[in-house]
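Listed in order, the protein sequences are those of chains A and B.
Each number in the working numbering comes from the position in the first sequence (counting from 1) with 4 added on.
Each number in the working numbering comes from the position in the second sequence (counting from 1) with 4 added on.
Note that CB positions come from ideal geometry on N, CA and C, so glycine has one too.
Computed from a predicted model, the values in this text were never measured in an experiment.
To start, the structure under review is shown below, and the notes come after it.
There are 2 protein chains.
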Amino acid sequence: MTSLAEMIEEGDVDAIHAWLAEAGTLDIAEELTRIESGEKALALRLLSRDRALDVFESLDPADQQQVLEGLRGDRVRQLIEEMDPDDRARLLDELPAKVAHRFLSQLSPHERQLTNTLLGYPPESAGRVMSPEFVSLRADMTVEEALAKVRRAGSVAETIYMLPVTDDQRRLVGVVSLKQLVLADPGESVADLMATDIHFARVTDDQEVAARLIQEADLIGLPVVDSEDRIVGVFTVDDAMEIIEAEETEDLARHGATSPLGRPYMAASAFGIARARATWLLILIVAAALTVNVLHYFEGTLETVVTLALFIPLLIGTGGNAGAQAAVAVIRAMAVAEVRFGDIPRVIWREARVGLMLGVMLAVMSFLPVAVLFGSDIGLVVSLTLVALCTWATFAGAMLPMLAQRVGVDPAVVSAPLITTLVDATGLVVYFLIARAVLPMI
Amino acid sequence: MTSLAEMIEEGDVDAIHAWLAEAGTLDIAEELTRIESGEKALALRLLSRDRALDVFESLDPADQQQVLEGLRGDRVRQLIEEMDPDDRARLLDELPAKVAHRFLSQLSPHERQLTNTLLGYPPESAGRVMSPEFVSLRADMTVEEALAKVRRAGSVAETIYMLPVTDDQRRLVGVVSLKQLVLADPGESVADLMATDIHFARVTDDQEVAARLIQEADLIGLPVVDSEDRIVGVFTVDDAMEIIEAEETEDLARHGATSPLGRPYMAASAFGIARARATWLLILIVAAALTVNVLHYFEGTLETVVTLALFIPLLIGTGGNAGAQAAVAVIRAMAVAEVRFGDIPRVIWREARVGLMLGVMLAVMSFLPVAVLFGSDIGLVVSLTLVALCTWATFAGAMLPMLAQRVGVDPAVVSAPLITTLVDATGLVVYFLIARAVLPMI
């Protein structure tokens with residue numbers, strides 16, 4: 005099969021037409037993320053209005069922006085006007101302020117107000133991503149009345165599967181699901197059906213926390229309330245999945261010592277990728293300068309026993325790996341809320357034992373081969389260093405992310421690569437101190 | 005607040021009762037993952053039947069197993085009988101075969117058959133996690149008839165929000181949502197409402213692929229069909245979220261050079277954690293032995309210019325970081341299907357350029373400080389090595405995961421730590437070859 009990118013390159017409009025007629029909206033969206041920014045709008049211009057909107061809504065904000073740049077004014081207005089308010093707020097957030105302002109001014113007053121409301125909440129908050137278009141019920145309604153209201157108001161709501169129930173002050177008092185309504189007797193009252201022990205989020209709550217709640221409690225939607233407990237929106241499961249994926253991509257990027265790209269890999273330029281990686285690489289090489297200092301300090305020892313140099317990569321590599329193991333485990337456990345700050349003493353005590361066990365295992369296995377090839381003195385130095393290094397690296401790998409969280413830094417920032425680099429320098433000190441203590445000739 | 009673990013330790017049954025009466029099911033489930041295996045059943049024994057089931061269903065299979073071990077036979081049977089068939093299949097999968105068989109034999113014939121069907125599909129397949137209890141419609145029904153069928157059959161179905169439409173051979177021909185049915189005119193026909201351009205999975209499809217499809221297409225449920233296109237189940241969004249989380253935890257674990265724990269962090273023992281990490285640590289230290297060999301080979305060069313040893317940790321650390329950056333980016337892009345095998349030439353060309361850019365940047369920045377402190381010859385060697393190393397590491401980091409996928413190995417296995425270790429050894433060769441070529445005294 006020829007890809008869309010190739011068809012565009014060849015300027016084969018007939019082939020593009022034929023392919024677009026066959027392809028699903030997801031396929032089209034996927035191909036769009038893989039072609040160059042200037043040409044992304046082309047496919048959308050050839051699609052019908054409805055399909056174009058479907059494709060457009062499946063794109064990331066970064067891709068959406070590139071598409072908009074290639075479309076004429078009325079088509080742009082149409083696409084933006086027809087988006088869900090929360091998706092629209094997310095897109096406008098990413099656009100340059102001037103462009104965002106121009107788009108906002110073109111919206112109908114109703115849509116503009118919805119979007120403005122969302123944009124008024126803090127970045128990364130549940131308020132930003134909730135849908136302000138929902139159907140709420142009253143506890144004194146019968147099931148029949150409730151279903152009638154859903155039919156009347158449901159067509160513009162983003163979800164009608166989770167229906168918040170409010171009192172006359174619009175305060176959230178319960179939740180019923182559409183499933184309950186459909187399966188219930190028409191004469192039953194909403195008050196009898198609704199759950200009152202419910203999960204909800206506040207507009208100012210962190211997006212990720214709200215998304216994780218949806219995931220853990222297996223919800224279709226989560227009511228979002230303001231500071232006076234009044235319902236102002238609904239956070240849906242598809243937004244939750246998107247937020248969790250973005251967070252995981254970000255955490256993963258940090259473990260790989262890079263900033264998140266913010267766009268699909270194939271849509272980024274080589275320069276854009278290099279820029280996303282440069283900062284961390286610089287931070288880490290500056291931190292690594294510490295290892296040069298440590299070795300410079302022990303240069304005399306190295307000159308006397310050059311053999312010690314042979315084990316430097318192996319030892320610091322192993323220490324780095326042990327530290328990364330602990331860091332990844334603890335950061336992940338904190339991200340999914342399995343570990344809290346109060347667990348620090350237990351986590352430290354446990355990781356220190358884990359490090360000791362691993363260190364002893366590696367030391368026992370390494371002693372014989374090293375002793376046979378380089379003498380039992382060197383074997384002893386390497387083995388002792390492995391024990392000390394694994395214990396220390398595991399301890400530090402678990403400790404640093406927890407401390408970072410304590411002082412308000414995202415624990416994923418103190419990720420494996422940073423810990424590895426810090427462990428490198430201290431590991432070398434340990435290695436040379438042990439060598440000086442054990443080797444007779446120094 | 006005293007934690008459940010502490011209350012149990014103090015044997016304060018009144019306090020436990022009071023806490024259980026107040027706490028939500030998610031809170032109880034979360035506390036249960038944090039207490040020791042022998043005591044997990046205690047809280048469940050004190051709960052009402054319905055709440056106990058809710059809590060039990062929120063637990064991971066590993067925790068569920070520990071709970072079951074602490075309960076009496078009839079309570080065990082009851083809990084298992086009342087689980088959703090797909091969750092039950094997942095639990096039975098994790099239990100020792102003998103125990104699983106005993107539980108299965110206690111189920112009612114209907115529940116046993118549902119579970120057996122699921123267990124008949126391959127591990128990790130969509131068939132294993134789909135729900136076999138769903139409501140299907142026929143295209144010639146009216147909306148009124150369809151809603152009547154949903155009311156009749158919906159109470160046992162896991163979801164009624166996505167309703168597959170079949171022909172008289174039970175073959176999938178379309179999908180309607182409950183939202184469409186509720187909002188439509190009662191006299192309309194299902195055929196007019198249903199979408200026919202639909203997403204579906206086959207029973208043998210990979211779970212993760214099906215889950216990612218639900219995520220990307222923003223679905224509430226995905227119909228699952230057998231090899232003859234007959235509908236056999238529904239894959240729901242909450243199962244999709246769980247599967248994606250498990251996959252991400254697994255990928256993250258691999259980036260941290262460890263096997264997945266398979267249970268919540270706090271519920272694992274120190275020995276269990278050490279065991280999960282030992283294998284990779286051993287593999288990596290054996291791979292690192294290569295660096296000892298390389299340095300042994302160049303020992304003469306090192307003896308002549310001991311200063312070269314000072315830069316070993318900095319250089320291999322930087323190479324490792326650059327390799328990890330590329331590996332994490334490419335593995336993630338493959339996991340979310342942004343990069344396919346056919347993209348190899350483009351990815352390699354792009355990553356090689358990224359590596360070169362980063363290498364040149366670091367080389368330019370490092371030259372002056374190194375030249376001032378250790379002489380311009382050493383500065384030149386370090387800078388040239390940084391260029392070569394970053395280019396090579398970035399190339400290898402992008403390449404190896406793609407090759408792994410090509411030969412059928414999960415790309416996440418060829419993760420950052422393995423690539424780092426492999427780059428270490430080759431990086432040292434490059435370093436010493438450059439040193440020999442540049443330095444006059446060798």
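Local conformation of B:Met-166 per DSSP, three classes: If you number the second sequence from 1, residue 166 of chain B lands on position 162. In the structure shown, B:Met-166 sits in a strand (DSSP, three-state: E or B).
field: Interfacial residues, the region 190-220 of chain B to chain A, with Cβ spacing under 7 Å
entry: The residues in question are Asp-201, Gln-219, Glu-220.
task: Compile a chain-ordered list of the residues in the region 299-312 of chain B whose CB is closer than 9 Å to at least one CB of chain A.
output: Legend: CB atoms of the region 299-312 of chain B lying less than 9 Å from CB atoms of chain A belong to residues Leu-299, His-300, Glu-303, Leu-306, Glu-307, Val-310, Thr-311, Leu-312.
message: Let me check understanding here. Comparing Cα to Cα, which of A:Asp-428, A:Thr-311, A:Ala-328 lies closest to A:Leu-377?
response: Mapped onto the first sequence, residue 377 of chain A falls at position 373. The candidate whose alpha carbon is nearest that of A:Leu-377 is A:Thr-311.
message: For chain A, check one thing: does any of its Cβ atoms lie closer than 7 Å to the Cβ of B:Val-343?
response: In the second sequence, counting from the first residue as 1, residue 343 of chain B sits at position 339. Output row for B:Val-343: interface = yes.
Test: B:Met-361 CB closer than 7 Å to a CB of chain A: Taking the first residue of the second sequence as position 1, residue 361 of chain B is located at position 357. Under the Cβ distance rule, B:Met-361 counts among the residues neighbouring chain A, one pair being separated by less than 7 Å.
query: Which residues mark the beginning and the end of the beta strand (DSSP E) in which B:Ser-507 is found?
result: Limits of chain B in this structure are 5 at one end and 446 at the other, which puts residue 507 of chain B out of reach.
- prompt: With 7 Å set as the bound, which would you pick, yes or no: does the beta-carbon of A:His-21 sit closer than that to a beta-carbon of chain B?
  reply: The residue labelled residue 21 of chain A in the question sits at position 17 within the first sequence. It does not; no Cβ of chain B falls within 7 Å.
- request: Check the C-beta distance from A:Leu-256 over to B:His-259 and give it rounded, since I have them as a contact under 8 Å.
  value: Walking along the first sequence from the start, residue 256 of chain A turns up at place 252. Walking along the second sequence from the start, residue 259 of chain B turns up at place 255. The beta-carbon distance between A:Leu-256 and B:His-259, rounded to whole angstroms, is 7 Å. This is short enough to meet the 8 Å contact definition.
- request: Can you give me the start and stop residues for the beta strand (DSSP E) that A:Phe-239 sits inside?
  value: Taking the first residue of the first sequence as position 1, residue 239 of chain A is located at position 235. Residues 235-240.
- prompt: Residues of chain B with CB under 7 Å from A:Asp-3, in chain order?
  reply: As displayed, chain A neither begins before 5 nor continues past 446, which places residue 3 of chain A out of reach and without an answer.
Interface flag, B:Gly-321 vs chain A, CB-CB below 7 Å: Locating residue 321 of chain B in the second sequence gives position 317, counting from the first residue. Cβ-Cβ to chain A under 7 Å: yes for B:Gly-321.
message: Quick test of your reading: B:Gly-383 and B:Phe-371, contact by CB under 8 Å. State the CB separation rounded to the nearest angstrom.
response: Here the question's residue 383 of chain B lines up with position 379 in the second sequence. Here the question's residue 371 of chain B lines up with position 367 in the second sequence. Contact between B:Gly-383 and B:Phe-371 holds: their C-beta atoms lie close to 5 Å from each other, under 8 Å.
message: Report the start-end ranges of each alpha helix (DSSP H) in the region 49-87 of chain B that is 4 residues or longer and not cut off at the edges.
response: Complete alpha helix (DSSP H) runs here, min 4: 53-62, 65-73, 77-86.
- prompt: If you scan the region 185-261 of chain A from start to end, which runs of the alpha helix (DSSP H) of 4 or more residues do you find wholly inside it?
  reply: Correct list: 194-197, 211-220, 241-259.
- prompt: Does DSSP classify A:Ser-159 as helix, strand or coil?
  reply: For the purposes of this step, residue 159 of chain A is taken as the residue at position 155 of the first sequence. A:Ser-159: helix per DSSP, three-state reduction.
- prompt: So what's A:Gly-323 in DSSP terms, helix, strand or just coil?
  reply: The sequence position of residue 323 of chain A within the first sequence is 319, counting from 1. Helix at A:Gly-323.
- prompt: So with Cβ pairs under 7 Å, would you call A:Thr-430 a contact of chain B?
  reply: Mapped onto the first sequence, residue 430 of chain A falls at position 426. Taking 7 Å as the CB threshold, A:Thr-430 stays off the interface with chain B.
message: Between the alpha carbons of B:Val-358 and A:Ala-274, how many angstroms are there, rounded?
response: Taking the second sequence and counting its residues from 1, one reaches residue 358 of chain B at position 354. Taking the first sequence and counting its residues from 1, one reaches residue 274 of chain A at position 270. Their Cα atoms are separated by approximately 6 Å.
field: Residue interval of the beta strand (DSSP E) (run including B:Leu-176)
entry: Here the question's residue 176 of chain B lines up with position 172 in the second sequence. Taken as a continuous stretch (DSSP letters only), the beta strand (DSSP E) holding B:Leu-176 covers 176-181.
Cβ-Cβ distance between A:Ile-235 and A:Thr-322 below 7 Å: Within the first sequence, residue 235 of chain A is the residue found at index 231, counting from 1. Within the first sequence, residue 322 of chain A is the residue found at index 318, counting from 1. Inclusion of A:Ile-235 and A:Thr-322 in the CB contact set at 7 Å is not warranted, their separation being larger than that value.
task: In the DSSP assignment, find the unbroken alpha helix (DSSP H) run with B:Leu-99 in it and report its ends.
output: The count along the second sequence starts at 1 and reaches residue 99 of chain B at position 95. Premise fails: B:Leu-99 is in no alpha helix (DSSP H) and is neither H nor E.
- prompt: Of the residues that make up the region 393-424 of chain B, which ones have a beta carbon closer than 7 Å to any beta carbon in chain A?
  reply: From the region 393-424 of chain B, only Ala-420, Pro-421 have a Cβ closer than 7 Å to chain A.
message: Comparing C-alpha positions only, which one of A:Asp-243, A:Ile-224, A:Met-145, A:Val-59 sits nearest to A:Pro-190?
response: In the first sequence, counting from the first residue as 1, residue 190 of chain A sits at position 186. Looking at the Cα atoms, A:Met-145 is the closest of the given residues.
- prompt: Cβ of A:Asp-233 less than 7 Å from any chain B Cβ?
  reply: Working through the first sequence from its first residue, we reach residue 233 of chain A at position 229. No, A:Asp-233 lies away from the interface with chain B (no Cβ there is under 7 Å from its Cβ).
A:Gly-324 burial status per 10 Å Cβ neighbour count (16 or more: buried): Position 320 of the first sequence holds residue 324 of chain A. Within a 10 Å sphere around the beta-carbon of A:Gly-324 sit 16 or more other beta-carbons, which makes this residue buried.
- prompt: Which residues, taken in chain order from the region 66-86 of chain B, show a beta carbon closer than 9 Å to some beta carbon of chain A?
  reply: Of all residues in the region 66-86 of chain B, none comes within less than 9 Å of chain A when Cβ atoms are compared.
field: Identified DSSP bridge partners for A:Arg-142
entry: In the first sequence, counting from the first residue as 1, residue 142 of chain A sits at position 138. DSSP, once it has assigned bridges, lists A:Thr-170 as partnering A:Arg-142.
Interface residues of the region 165-177 of chain B facing chain A [CB-CB below 9 Å]: Cβ contacts with chain A: Tyr-165.
- request: May I have the straight-line CA-CA distance separating B:Glu-212 from B:Met-338, to the nearest angstrom?
  value: Taking the second sequence and counting its residues from 1, the one referred to as residue 212 of chain B is at position 208. Taking the second sequence and counting its residues from 1, the one referred to as residue 338 of chain B is at position 334. So the two alpha carbons sit approximately 12 Å from each other.
- prompt: Does B:Ala-27 come within less than 7 Å of chain A when only Cβ atoms are used?
  reply: On the second sequence, position 23 is the one that residue 27 of chain B refers to. No, because no Cβ of chain A sits closer than 7 Å to the Cβ of B:Ala-27.
task: With A:Pro-373 as the anchor, note down where its alpha helix (DSSP H) starts and where it stops.
output: In the first sequence, the residue the question calls residue 373 of chain A occupies position 369. A:Pro-373 -> alpha helix (DSSP H) spans 348-378.
- request: Using the Cα positions of B:Ser-263 and B:Ile-32, report the straight-line distance between them to the nearest angstrom.
  value: In the second sequence, residue 263 of chain B corresponds to position 259, counting from 1. In the second sequence, residue 32 of chain B corresponds to position 28, counting from 1. Straight-line Cα distance between these residues: approximately 28 Å.
query: Straight-line CA distance for A:Glu-61 to A:Pro-268?
result: The residue labelled residue 61 of chain A in the question sits at position 57 within the first sequence. The residue labelled residue 268 of chain A in the question sits at position 264 within the first sequence. Their Cα atoms are separated by approximately 15 Å.
- prompt: Using the C-alpha atoms, what's the distance from B:Gln-117 back to A:Gln-184?
  reply: Taking the first residue of the first sequence as position 1, residue 184 of chain A is located at position 180. Taking the first residue of the second sequence as position 1, residue 117 of chain B is located at position 113. Between the alpha carbons of A:Gln-184 and B:Gln-117 lies a gap of roughly 27 Å.
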